[in-house]
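Chemist:
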Amino acid sequence: MNKRKTGAGWEKRAAEYLKEKGMKIVETNFRSRQGEIDLIGFHREYLVFVEVKFRQSAEKGYALEAVDLRKQKRICRVADYYRYLHKINADVSVRYDVIGIQGEEIHWIQNAFPHHYAER
103 MNKRKTGAGW
113 EKRAAEYLKE
123 KGMKIVETNF
133 RSRQGEIDLI
143 GFHREYLVFV
153 EVKFRQSAEK
163 GYALEAVDLR
173 KQKRICRVAD
183 YYRYLHKINA
193 DVSVRYDVIG
203 IQGEEIHWIQ
213 NAFPHHYAER
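Start counting the sequence shown at 103; every next residue gets the next number (this note's numbering).
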């Protein structure tokens, strides 16, 4: 199975997990020229942008470690574009979460990183 299909399967599993925890998923695999966000949803009073990472084992590192500063900045740029495109007011609270799937274990880190503003 190729990486994209494998990733899509884990993203679907993550979406189901988040729905069970009360998140309303409104978009999957949102893509733009700036990059991609795996899941977008509403949880409590937050608009949440979710990055999903999977690792079969710790041999190549831990899933949660894969969302480095560079990846965080890219997610924030895409999130800014999403908010612009959908005319989402600046007063809507935003959160960046990470779902790390290590083997069969799912770890949900809410508010995993702060918003990184675009550099000018």
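Even for Gly, the Cβ is constructed at its ideal location relative to N, Cα and C.
Who are the near neighbours of E147 in its chain, counting only those whose CB is closer than 6 Å to its CB and skipping five residues on each side?
Modeler: By 1-based counting over the sequence shown, the position of residue 147 is 45. Here the set comprises S195.
Chemist: Which residue marks the beginning of the alpha helix (DSSP H) containing V180, and which one marks its end?
Modeler: What you label residue 180 is simply residue 78 of the sequence shown in a count that begins at 1. L171 to L187 is the extent of the alpha helix (DSSP H) around V180.
Chemist: Could you tell me if L187 is buried or exposed, where buried requires 16 or more neighbouring beta carbons within 10 angstroms of its beta carbon?
Modeler: Against the sequence shown, residue 187 aligns to sequence position 85. Exposed: under 16 other Cβ atoms inside 10 Å.
Chemist: Do V150 and R185 have their C-beta atoms closer together than 8 Å?
Modeler: As a working note, residue 150 is residue 48 in the sequence shown. As a working note, residue 185 is residue 83 in the sequence shown. Cβ distance not < 8 Å, so V150 and R185 don't count as in contact.
Chemist: Could you have a look at R133 and say whether DSSP puts it in helix, strand or coil?
Modeler: Numbered from its first residue, the sequence shown carries residue 133 at position 31. Strand at R133.
Chemist: CA-CA distance, A220 and Q136?
Modeler: Walking along the sequence shown from the start, residue 220 turns up at place 118. Walking along the sequence shown from the start, residue 136 turns up at place 34. Spanning the two alpha carbons is a distance of roughly 11 Å.
Chemist: Hey, quick one: how far does the beta strand (DSSP E) through V194 stretch, first residue to last?
Modeler: Taking the sequence shown and counting its residues from 1, one reaches residue 194 at position 92. Where V194 is concerned, there is no enclosing beta strand (DSSP E), given that its DSSP letter is neither H nor E.
Chemist: Taking Cβ positions, are V180 and V200 nearer each other than 8 Å?
Modeler: Locating residue 180 in the sequence shown gives position 78, where the first residue counts as 1. Locating residue 200 in the sequence shown gives position 98, where the first residue counts as 1. Cβ atoms of V180 and V200: not closer than 8 Å.
Chemist: Taking all protein chains shown into account, decide if A192 is buried (16 or more other Cβ within 10 angstroms of its Cβ) or exposed.
Modeler: Within the sequence shown, numbered from 1, the residue matching residue 192 stands at position 90. It is exposed - the Cβ of A192 has fewer than 16 other Cβ atoms within 10 Å.
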